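Engineer:
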Amino acid sequence: MPWSISSRRVEHFVRGAQMTAEIAVNEFADIVTEAVRARKEARGMKAAIHDTARLLGLTERRVRACIYREIRSVTAGEWLRVRARFAAHLEAEQRRHIAEAELLSARLDALKKEAA
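In terms of the numbering used here, the sequence shown opens at residue 12 and continues consecutively.
1. Which word fits Ala58, buried or exposed, when buried means at least 16 other C-beta atoms lie within 10 angstroms of its C-beta?
2. In angstroms, rounded to a whole number, what distance separates the CA positions of Arg83 and Val36?
3. Which term fits Asp3, buried or exposed, when burial requires 16 or more other beta carbons within 10 angstroms of its beta carbon?
4. Helix, strand or coil: which one does DSSP assign to Gly88?
5. From the DSSP output, in three-state form, read off Arg130 for me.
6. Rounded to the nearest angstrom, how far is the Cβ of Leu67 from that of Arg48, given a contact under 8 Å?
7. Taking the runs of the beta strand (DSSP E) that are 3 residues or longer, which of them lie wholly in the stretch 28-69?
8. With DSSP collapsed to three states, give me the class of Ala127.
9. So, is Ile34 buried or exposed, given that buried needs 16 or more other C-beta atoms within 10 angstroms?
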């Protein structure tokens, strides 16, 4: 069969690029590690791991495995779920930063009007 997928060599295609299991595992670990790193400065490593686990719907052990590159496999469902949750998190962060920038702009305008 010309279109069958070999069980020994499974290939996934994402946006036209070949997606191997190793690439998927590395991307998964990178997403989790980035989420931990963003929280580590403010609250410390243990709290960052806990927060990231809650955010992405993973166990704390799974998060640690990603940080220390001990992760060996990722299911397609888990990979897609974490990507979607991380994307939603980034969108929320973007909205928060936009609101913060608008607030700063309004405060700056008020200060300029007072000075005039």
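Glycine included, each C-beta is placed from N, C-alpha and C at the ideal position. Only a predicted model underlies this, so the values are computations on that prediction, with no experimental measurement involved.
Structural biologist: Taking the structure as given:
1. Locating residue 58 in the sequence shown gives position 47, where the first residue counts as 1. By the neighbour-count rule (16 or more Cβ atoms within 10 Å), Ala58 is not buried but exposed.
2. Here residue 83 refers to the residue found at position 72 of the sequence shown. Here residue 36 refers to the residue found at position 25 of the sequence shown. If I take the Cα positions, the gap works out to 7 Å.
3. Because the chain is modelled from 12 through 127, residue 3 falls outside the range shown and cannot be assessed.
4. In the sequence shown, residue 88 corresponds to position 77, counting from 1. In the three-state DSSP reduction, Gly88 falls in the helix class (H, G or I).
5. Past the boundaries of the shown model lies residue 130; the chain is included only from 12 to 127, so the question cannot be answered.
6. Within the sequence shown, numbered from 1, the residue matching residue 67 stands at position 56. Within the sequence shown, numbered from 1, the residue matching residue 48 stands at position 37. Actually they are not in contact, since the Cβ atoms of Leu67 and Arg48 sit about 13 Å apart, beyond 8 Å.
7. 28-30
8. If you number the sequence shown from 1, residue 127 lands on position 116. Reduced to three states, the DSSP call for Ala127 is coil.
9. By 1-based counting over the sequence shown, the position of residue 34 is 23. By the 10 Å Cβ count, Ile34 comes out exposed.
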